[in-house]
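Trainee: There's a structure below that I have some questions on.
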Amino acid sequence: MPVDLRWVWAKSVMDDHGRPTHWLPLQQHLDDAAGVAARLVDHWVSPQVLGRIAKDLGGDVDAVRELACWLARVHDVAKASCAFAVQVPLLADRMRDAGIVANPMLMTHPDRSRAHHTVVGYLAVRDFLAAEVGPVFADQMASVVAAHHGVPPERSTLAEVAGLTELIGGGVWQEAREFFLRRASEGVDWSRYQDIRLSMPSQVLLTAIVILADWIASNADYFPLLEAHEPPRDLDTAARVDHAWKRLALPRRWRASPVSSNVDAAFSERFAIPGGVVRPVQAAAVEVAATQSVPGLVIVEAPMGVGKTEAALLAAEELAARSGADGVFMALPTQATTDAMFDRVRSWVEALPGRDGSVSVTLAHGKASLNDTFTGLVRDGWFTSVGEDGEHDESAVVAHRWLSGRKKGVLASFVVGTIDQVLFAGLKSRHLMLRHLALAGKVVVIDEVHAYDVYMSQYLERVLHWLGAYGVPVVLLSATLPAARRVRLVAAYDGTPAPAVDGYPLILASGGTAPKVLPLPGNGTTVALDRLSDDIEQVVTFLREHLREGGCAVVVRNTVGRVQATAERLEQEFGVEHVTVNHSQFLSCDRARIDRELLRRFGREGERPALHIVVASQVVEQSLDVDFDLMVTDLAPMDLVLQRLGRLHRHPRKRPEPVTTARCAVVGVEDWAAEPVRAVAGSRAVYGEHLLLRSVALIVERDKVALPQDIAPLVQRAYDEDPVGPESWQSALARAKKRADDDEVRRVAAARTFLLDKVGSSRKSLIGWVRAGVGDADDGREGLAQVRDGGESLEVLVVQQDRHGGLHTPQWIDRGGGDPVPTDLPIEPPQERVVAACSLRLPRALSNPGVDLAVISALEKNCFPSFHSSPLLKGQLVLVLDVNGEADIGHGDVGFHVRYDPRRGLVHERR
DNA sequence: AATAAAAAAAAA
Ligand SMILES: [Fe+3]
1 MPVDLRWVWA KSVMDDHGRP THWLPLQQHL DDAAGVAARL VDHWVSPQVL
51 GRIAKDLGGD VDAVRELACW LARVHDVAKA SCAFAVQVPL LADRMRDAGI
101 VANPMLMTHP DRSRAHHTVV GYLAVRDFLA AEVGPVFADQ MASVVAAHHG
151 VPPERSTLAE VAGLTELIGG GVWQEAREFF LRRASEGVDW SRYQDIRLSM
201 PSQVLLTAIV ILADWIASNA DYFPLLEAHE PPRDLDTAAR VDHAWKRLAL
251 PRRWRASPVS SNVDAAFSER FAIPGGVVRP VQAAAVEVAA TQSVPGLVIV
301 EAPMGVGKTE AALLAAEELA ARSGADGVFM ALPTQATTDA MFDRVRSWVE
351 ALPGRDGSVS VTLAHGKASL NDTFTGLVRD GWFTSVGEDG EHDESAVVAH
401 RWLSGRKKGV LASFVVGTID QVLFAGLKSR HLMLRHLALA GKVVVIDEVH
451 AYDVYMSQYL ERVLHWLGAY GVPVVLLSAT LPAARRVRLV AAYDGTPAPA
501 VDGYPLILAS GGTAPKVLPL PGNGTTVALD RLSDDIEQVV TFLREHLREG
551 GCAVVVRNTV GRVQATAERL EQEFGVEHVT VNHSQFLSCD RARIDRELLR
601 RFGREGERPA LHIVVASQVV EQSLDVDFDL MVTDLAPMDL VLQRLGRLHR
651 HPRKRPEPVT TARCAVVGVE DWAAEPVRAV AGSRAVYGEH LLLRSVALIV
701 ERDKVALPQD IAPLVQRAYD EDPVGPESWQ SALARAKKRA DDDEVRRVAA
751 ARTFLLDKVG SSRKSLIGWV RAGVGDADDG REGLAQVRDG GESLEVLVVQ
801 QDRHGGLHTP QWIDRGGGDP VPTDLPIEPP QERVVAACSL RLPRALSNPG
851 VDLAVISALE KNCFPSFHSS PLLKGQLVLV LDVNGEADIG HGDVGFHVRY
901 DPRRGLVHER R
């Protein structure tokens with residue numbers, strides 16, 4: 001009598017006592033997964049992705065479907081192995097009764113966990129396919145099966161596990177595996193795949209489809225299990241898949257249409273500007289996107305305020321229409337700008353044609369759960385898709401309940417996220433394939449590319465390399481880039497040289513497309529430069545003189561300490577009410593309040609005070625569209641100085657007579673008469689000597705800067721290799737360059753640790769793909785590999801304690817301040833969000849290697865059960881301030897005294 | 001020689 005292989009089990013659910021309550025036969029799980037894979041390919045996976053895989057299969061999309069379904073139908077084939085089956089004695093016993101016998105003692109075999117079903121699956125699939133197709137393709141297909149838990153094994157592991165024959169199981173076990181492999185192959189003509197090789201991109205994408213099919217098919221809400229006591233029976237797979245797919249109700253694909261035939265109409269519809277006409281940058285970006293030989297990389301270099309975002313979105317539509325992308329991933333450098341962009345992108349999505357019902361959106365960053373718009377959409381997503389028929393919800397935009405969380409959230413069609421979420425695609429980590437699938441189906445837009453340092457650029461360039469290999473169109477938005485950076489970005493994407501051009505604003509593209517230099521906007525600003533000594537009294541005099549009839553000034557300092565010291569002197573001189581302080585050492589809710597306030601007063605339609613001085617760190621350099629009459633700045637690298645100068649006379653308006661000419665005093669140097677001119681120590685610590693020397697060499701030779709026409713030449717000179725400055729500076733410059741180069745080498749090396757390898761040849765399989773990666777260790781604080789430079793900075797939640805020991809939210813904050821916070825009972829959800837918004841990133845002095853562990857130990861003493869039981873607050877360090885906003889942080893021989901002042905931020909001193 | 005800004009964490 002033939003053995004009934006339906007007794008081979010794949011899924012089991014246990015009760016609290018470890019007894020199985022439910023189970024599912026392997027055969028059914030494989031059929032379910034294959035059914036889901038087919039639906040995914042037919043209805044959900046981006047045409048751009050299908051096209052990419054099909055490229056390796058002679059352009060045949062049906063073959064993509066065939067391979068995806070076959071892989072899903074064999075992915076768990078090695079659950080038909082002794083090592084796996086013995087894990088649940090009850091189910092193993094029933095298999096034994098059916099004639100599939102394993103030794104129960106194998107349960108405790110020391111190598112049992114090494115004979116994992118992913119690795120044994122590799123061996124089974126490879127051996128099966130080797131008889132049908134070439135060895136390379138067999139290895140590649142098998143590697144997809146091996147990778148279906150997110151980390152493919154190493155080559156050495158394969159050989160070791162192959163020797164564990166007792167755990168793998170021969171005889172009936174071998175026959176069982178071959179049975180399932182043959183069963184999956186019914187109707188597959190392997191001779192068609194004789195000469196096929198899969199590129200790495202295709203293998204990664206197929207793996208991602210298999211993983212998703214597995215996850216969906218493993219969800220018992222969609223695919224019900226059998227009761228533990230039930231024998232196997234033939235379930236109606238088609239009906240199960242149909243039911244599950246309706247319940248899951250994934251949003252439809254988006255089909256883009258070209259906009260180039262009538263850009264103005266598209267522009268006015270998308271952005272709700274009746275009769276709107278595109279601006280030059282927007283028209284040019286769309287034209288380049290439309291005429292590029294193959295949709296590829298487009299770089300838009302232009303100043304803030306010329307409509308770059310709209311240019312990128314319109315270009316993305318054009319590129320998507322050509323490439324088959326069914327979504328857009330927009331990445332920005334900070335959570336705050338990401339939140340703001342989310343609302344803009346959402347309005348654009350709502351106005352998009354080509355939606356068939358709802359499309360899915362995600363806000364992707366670490367604090368997305370604090371964003372009210374997004375959490376609202378998440379709630380709607382739960383609410384609307386509970387219905388059985390699912391599809392007829394008419395809201396244009398949903399945060400789909402299944403496309404949520406760190407790994408699946410980015411699979412939504414439209415994602416707005418921090419740049420980190422894109423850079424993670426270059427970081428060896430578990431389930432990396434899903435992040436690749438998320439990017440590979442879309443057009444990727446990356447904002448503020450000029451702002452990324454050497455370390456992040458390693459990741460950015462590697463990700464661009466993979467995106468190029470996937471055929472993903474990419475739009476990079478930037479201020480002017482040093483030519484060398486531009487060349488590296490284009491080369492990273494598709495290995496071609498960047499066209500040699502100078503100019504600004506500039507649009508260039510990969511694939512030999514002619515670059516476009518656009519006319520500069522006519523209404524420029526010429527800034528007069530003054531050079532003052534680093535004496536604060538000189539700054540006072542300068543401000544006194546030029547603000548004699550009032551006006552709004554900004555003083556930009558390079559360190560928080562200098563900001564705080566300057567603010568103290570200026571408050572004394574001009575009065576507290578005329579001075580605002582801004583830097584990163586504020587609670588995030590306070591920082592948000594200060595930013596809002598700055599925009600309200602110094603923004604485009606701002607209610608400008610008669611006299612005011614903002615003292616700030618680099619936080620005013622980026623993003624905020626604020627306008628000042630007068631500036632004082634610490635010497636900084638040239639591109640940053642220019643960014644700062646961009647905050648002068650930015651909007652047309654009437655200004656007090658003494659500041660009708662834009663004027664900036666450069667300070668923060670030790671001695672303007674010295675050779676060379678050196679920046680103060682704090683600035684050197686932040687930026688390094690070399691960039692500062694090159695910057696100041698260009699500043700000493702001029703008394704004014706014309707914006708925007710001087711920007712491109714100044715940035716190029718500051719960052720190219722040609723000598724700058726007088727002869728007497730050259731030896732110092734050379735020494736500084738050597739140190740900067742050494743430092744860069746160190747940072748590049750640090751970035752490489754977890755950097756994903758390049759695509760490599762088509763002979764390769766996924767085996768070892770994330771070798772030496774974070775692997776299993778990507779959970780928890782220690783193992784978290786990074787895409788940003790520098791040691792881990794410590795983030796704390798700040799609460800206050802009254803004289804009786806009761807906790808309350810900080811007294812001064814805008815929303816929910818001074819309310820009691822329970823220490824044991826659960827914190828109410830609205831208050832959870834208030835507390836979560838009181839986060840503060842501690843300064844370097846408190847998180848340096850050497851003191852960090854002591855600081856963590858000290859803060860870990862502030863441990864409250866109420867925090868621990870809250871998903872939002874759990875695991876975070878807590879800083880408890882007394883009624884005066886002060887605290888001692890001490891452990892062992894490390895001790896700090898900190899004081900928080902809502903006007904000045906955190907002040908610390910070592911004791 | 002003394003330090004900016006910025007981000008981050010669940011799978012079958
Ligand atoms: Fe599995």
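Letter 669 of the first sequence, counting from 1, is numbered 669 in UniProt numbering, and no numbers are missing.
Every residue gets a Cβ at the ideal spot worked out from N, C-alpha and C, and that includes glycine.
Rank 693, 612, 757 by C-alpha distance to the C-alpha of residue 425 and give the top, closest one.
Mentor: Considering only alpha carbons, the answer is 757.
Trainee: Please name the residue, chosen from 443, 408, 462, that lies closest to residue 428 on a Cα-to-Cα basis.
Mentor: It is 462 whose Cα lies nearest to the Cα of residue 428.
Trainee: Does DSSP put residue 351 in a helix, in a strand, or in coil?
Mentor: Note: residue 351 maps to coil in three-state DSSP.
Trainee: Judging by CA-CA distance, which residue of 871, 868, 859 is the nearest neighbour of residue 881?
Mentor: Nearest C-alpha to residue 881: 859.
Trainee: Return helix, strand or coil for residue 764, following the three-state DSSP convention.
Mentor: Note: residue 764 maps to coil in three-state DSSP.
Trainee: Please say whether residue 293 and residue 512 have beta carbons closer to each other than 8 Å?
Mentor: Yes, the Cβ-Cβ distance between residue 512 and residue 293 is below 8 Å.
Trainee: Taking the alpha carbon of residue 517 as the reference point, which residue from 13, 803, 503 has its own alpha carbon closest?
Mentor: It is 503 whose Cα lies nearest to the Cα of residue 517.
Trainee: Quick one: is the Cβ of residue 76 within less than 7 Å of any heavy atom of ligand 1?
Mentor: Yes, Cβ of residue 76 sits closer than 7 Å to a heavy atom of ligand 1.
Trainee: Would you mind stating whether residue 898 and residue 908 have Cβ atoms separated by less than 8 Å?
Mentor: Cβ atoms of residue 898 and residue 908: closer than 8 Å.
Trainee: What does DSSP give as the partner residues of residue 9 in its beta bridges?
Mentor: Residue 9 pairs with 25.
Trainee: Quick check on this structure: which residue in 76, 421, 438, 434 has the alpha carbon closest to the alpha carbon of residue 456?
Mentor: It is 421.
Trainee: Identify whether residue 808 lies in helix, strand or coil by the three-state DSSP scheme.
Mentor: Residue state, collapsed to three classes: strand.
Trainee: Out of 527, 5, 833, 790, state which residue places its alpha-carbon closest to the alpha-carbon of residue 849.
Mentor: Considering only alpha carbons, the answer is 790.
Trainee: Quick check: what's the CA-CA separation for residue 40 versus residue 471?
Mentor: Going from the Cα of residue 40 to the Cα of residue 471 covers about 20 Å.
Trainee: How would you write the range of the beta strand (DSSP E) that residue 839 sits in, first residue to last?
Mentor: First-last of the beta strand (DSSP E) with residue 839: 839 to 841.
Trainee: Taking the CB atoms as reference points, tell me whether residue 629 and residue 551 lie closer together than 8 Å.
Mentor: Yes, these two residues count as a Cβ contact at 8 Å.
Trainee: Following a CB-centred definition, is residue 32 positioned closer than 7 Å to any heavy atom of ligand 1?
Mentor: For ligand 1, not one heavy atom lies less than 7 Å from the Cβ of residue 32.
Trainee: May I have the straight-line CA-CA distance separating residue 575 from residue 567, to the nearest angstrom?
Mentor: If you take the alpha carbons of residue 575 and residue 567, they lie about 10 Å apart.
Trainee: Among 481, 439, 484, 173, which residue has its Cα nearest to the Cα of residue 465?
Mentor: It is 439.
Trainee: Determine the DSSP secondary structure at residue 525, reduced to helix, strand or coil.
Mentor: Here residue 525 sits in strand by DSSP.
Trainee: Cβ of residue 507 within 8 Å of Cβ of residue 298?
Mentor: Yes. Within cutoff.
Trainee: Please determine whether the Cβ atom of residue 148 lies at a distance below 7 Å from any heavy atom of ligand 2.
Mentor: For ligand 2, the structure offers nothing, since it holds only ligand 1.
Trainee: Among 874, 804, 861, 831, which residue has its Cα nearest to the Cα of residue 817?
Mentor: The shortest Cα separation from residue 817 among 874, 804, 861, 831 belongs to 831.
Trainee: Using a Cβ-Cβ cut-off of 8 Å (strictly less than) and excluding sequence neighbours within five positions of residue 770, which residues of its own chain qualify?
Mentor: Closer than 8 Å at Cβ, skipping near neighbours: 151, 152, 428, 429, 430, 432, 756.
Trainee: Quick one, are the C-beta atoms of residue 346 and residue 278 less than 8 Å apart?
Mentor: Against a cut-off of 8 Å, the Cβ pair of residue 278 and residue 346 comes out as no contact.
Trainee: Run through the DSSP bridge pairs and tell me what residue 704 is partnered with.
Mentor: 528.
Trainee: Quick one: residues in its chain with C-beta nearer than 6 Å to the C-beta of residue 851, no 5 flanking neighbours on either side, listed in chain order?
Mentor: Excluding residues within five positions, the ones whose Cβ falls inside 6 Å are 894.
Trainee: My output table needs one value for residue 769: the three-state DSSP class, helix, strand or coil.
Mentor: Residue state, collapsed to three classes: coil.
Trainee: What residue does the alpha helix (DSSP H) around residue 509 start on, and which one ends it?
Mentor: Residue 509 -> not in any alpha helix (DSSP H); beta strand (DSSP E) instead, spanning 506 to 509.
Trainee: Measure from the alpha carbon of residue 827 to the alpha carbon of each residue in 879, 865, 598, 797, then state which is nearest.
Mentor: Out of 879, 865, 598, 797, 865 has the C-alpha closest to the C-alpha of residue 827.
Trainee: Closer than 7 Å to a non-hydrogen atom of ligand 1 - does that hold for the CB of residue 431?
Mentor: Incorrect: residue 431 has no Cβ contact closer than 7 Å to ligand 1.
Trainee: For residue 838, which option in 704, 847, 810, 289 has the closest C-alpha, if you only look at C-alpha atoms?
Mentor: For the residues 704, 847, 810, 289, the minimum Cα distance to residue 838 belongs to 810.
Trainee: So residue 655 and residue 529 are supposed to be a Cβ contact under 8 Å. How far apart are they, rounded?
Mentor: With a Cβ gap of about 18 Å, residue 655 and residue 529 do not count as contacting.
Trainee: Throw me the rounded Cβ distance for the residue 95 and residue 85 pair, which I believe falls under 8 Å.
Mentor: Correct: roughly 6 Å between the Cβ atoms.
Trainee: Determine the DSSP secondary structure at residue 442, reduced to helix, strand or coil.
Mentor: Three-state result, residue 442: coil.
Trainee: Looking at the strands, I want to know which residues DSSP matches up with residue 330.
Mentor: Partner(s): 416, 445.
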